[in-house]
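Basically our numbering = 1-based index in the sequence shown + 35.
Idealized CB from N, CA, C, for every residue including glycine.
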Amino acid sequence: MDLCQENPDSSINREISSYQSEDIKRKIIRLEQCARSSMQRAIASHGALAVLYGRHLKHYIKESKVILGRATDDMDVDIDLGREGPANKISRLQALINMEGDGSFRLRNLGKSPIFLNGTEVATGKSSRLSSNSLMEIRGMAFVFEVSNESVKQYLVNIAKNSRETSF
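Now the structure itself:
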């Protein structure tokens, strides 16, 4: 039994799939599904909405807004990207990840340099939709953003419930 339906936009390259057997393709898809399921469980077990991870950094996002940047004595950020690589290349306020009211996420570039989201440039001052499994590149450092849809759904239910209780 598959964990989720086969995705037509799967990461399996058409050229590769043309010379791989159906059995091998199914095994690759199952491995990808297992990895996704494992990541979803890890996010939920940390009580987080999402996770941002790179080669050295893994940060579970538990708030609806987080600031990414370079921490200094004068500046505190939620996610210190300086721990991932050359800190002098990162702006102190590099980006804002914000969860919208419908549970979707947006990335706003606050830094001086462009951020690349799935290969598309997000210029300074601009924002872009941030979906699960997005590849974010900041000054040559790569990060993956992964969302737990179940955790986001529960968060929104709790917000709505608290809002109703305070209005009475």
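Check: What do you get for E185, buried or exposed, if any count of 16 or more other CB atoms within 10 angstroms of its CB means buried?
Finding: exposed
Check: Would DSSP call I150 helix, strand or coil?
Finding: strand
Notebook entry, point to check: To the nearest angstrom, how far is it from the Cα of S198 to the Cα of I78?
Noted result: 25 Å
Check: When DSSP labels each residue in this structure, what does L191 get in the three-state scheme?
Finding: Annotated three-state conformation of L191 is helix, per DSSP.
Next item on the list: Return yes when the Cβ of R61 is within less than 7 Å of the Cβ of K6, no when it is not.
Entry: Any property of residue 6 remains undetermined from this structure, which presents the chain solely from 36 to 203.
Note to self: Within 10 Å of its beta-carbon, does R105 have 16 or more other beta-carbons around it, so buried, or fewer, so exposed?
What the structure shows: buried
Item checked: Where the alpha helix (DSSP H) containing L116 begins and where it ends -> Here L116 belongs to no alpha helix (DSSP H), and DSSP marks it neither H nor E.
Item checked: Stretch-stretch touch, CB-based, cutoff 8 Å, three pairs: the stretch 84-100 with the stretch 124-143 -> With three or more CB-CB distances shorter than 8 Å, the stretch 84-100 counts as touching the stretch 124-143.
Next item on the list: Quick one: give me the first and last residue of the beta strand (DSSP E) that R90 is part of.
Entry: Under the DSSP assignment, R90 falls outside any beta strand (DSSP E); it carries neither an H nor an E label.
Next item on the list: Tell whether a beta-carbon distance below 7 Å holds between Q129 and G154.
Entry: Here Q129 is not near G154, since their CB atoms are 7 Å or more apart.
Notebook entry, point to check: Cα separation between L38 and E172?
Noted result: Reliability fails at L38, whose pLDDT of 42 lies under 50, so the model's placement of it is uncertain and no value is given.
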